[in-house]
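Note sheet for the following structure.
Numbering (this note's numbering), first residue to last: 19 to 178.
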């Protein structure tokens with residue numbers, strides 16, 4: 019596949035997300051990999067249930083939180099909640115969300131992971147699905163991992 023300007027794109031850019039080497043379900047992992055997958059699983063459960071309190075339990079809920087979805091940043095939890103999360107939870111119905119780690123690393127109270135995700139929901143009577151990749155930085159707070167920063171980017175639909 020050619021990139022803008024006619025350059026050939028590296029194979030990893032065009033690799034289908036379904037071909038990404040996943041680490042596996044949380045029960046098959048150990049250490050920080052298992053803990054981060056469990057964190058992503060809890061986040062997904064909260065989003066699917068449209069339960070803000072369940073999502074909040076996975077995140078830093080102060081000004082240290084930073085989210086970037088595609089190229090739009092939210093600075094701090096209040097900004098993310100007001101201008102992104104609560105809006106989505108109010109508009110999107112029958113949400114299905116799955117995130118699976120492809121890489122994880124942790125050292126003490128700080129860890130990071132790379133994941134693939136699929137999000138599907140109904141809006142205005144139509145089901146829409148998107149897939150993409152994300153990164154997260156998690157911080158251990160009071161014995162639990164919380165997402166301090168995350169970036170997600172959905173793949174563009176194929177052009178015909």
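Cβ atoms here follow ideal geometry from the backbone N, Cα and C, with glycine treated the same way.
Each of 171, 127, 169 was checked against the Cα of residue 49, and the nearest Cα belongs to 127.
The three-state reading of DSSP puts residue 47 in coil, since its state is none of H, G, I, E or B. For the pair residue 70 and residue 77, the Cα-to-Cα distance works out to about 11 Å. Taking C-alpha positions only, residue 116 is separated from residue 93 by approximately 24 Å.
Of the other Cβ atoms in all chains shown, 16 or more fall within 10 Å of the Cβ of residue 134; this residue is therefore buried. The beta carbon of residue 154 sits closer than 6 Å to the beta carbons of 131, 165, 168 from its chain, once the five residues preceding and following it are set aside; these are given in chain order. When secondary structure is reduced to three states using DSSP, residue 114 falls in the strand class. Note on residue 55: 16 or more other CB atoms within 10 angstroms of its CB, so buried under the neighbour-count rule. Distance from the CA atom of residue 85 to the CA atom of residue 152, rounded to whole angstroms, is 11 Å. For the 8 Å CB-CB criterion, residue 66 and residue 114 form a contact. The three-state reading of DSSP puts residue 143 in coil, since its state is none of H, G, I, E or B. Shown here for residue 68: same chain residues with a beta carbon closer than 6 Å to its own, the five before and five after excluded, namely 107 in chain order. Going by beta carbons, residue 111 and residue 140 fall inside the 8 Å limit. Between the C-alpha atoms of residue 90 and residue 161 there is a straight-line separation of about 31 Å. Straight through space, the alpha carbons of residue 79 and residue 96 are spaced by roughly 8 Å. Counting along the chain, the unbroken beta strand (DSSP E) around residue 85 starts and ends at 84–87.
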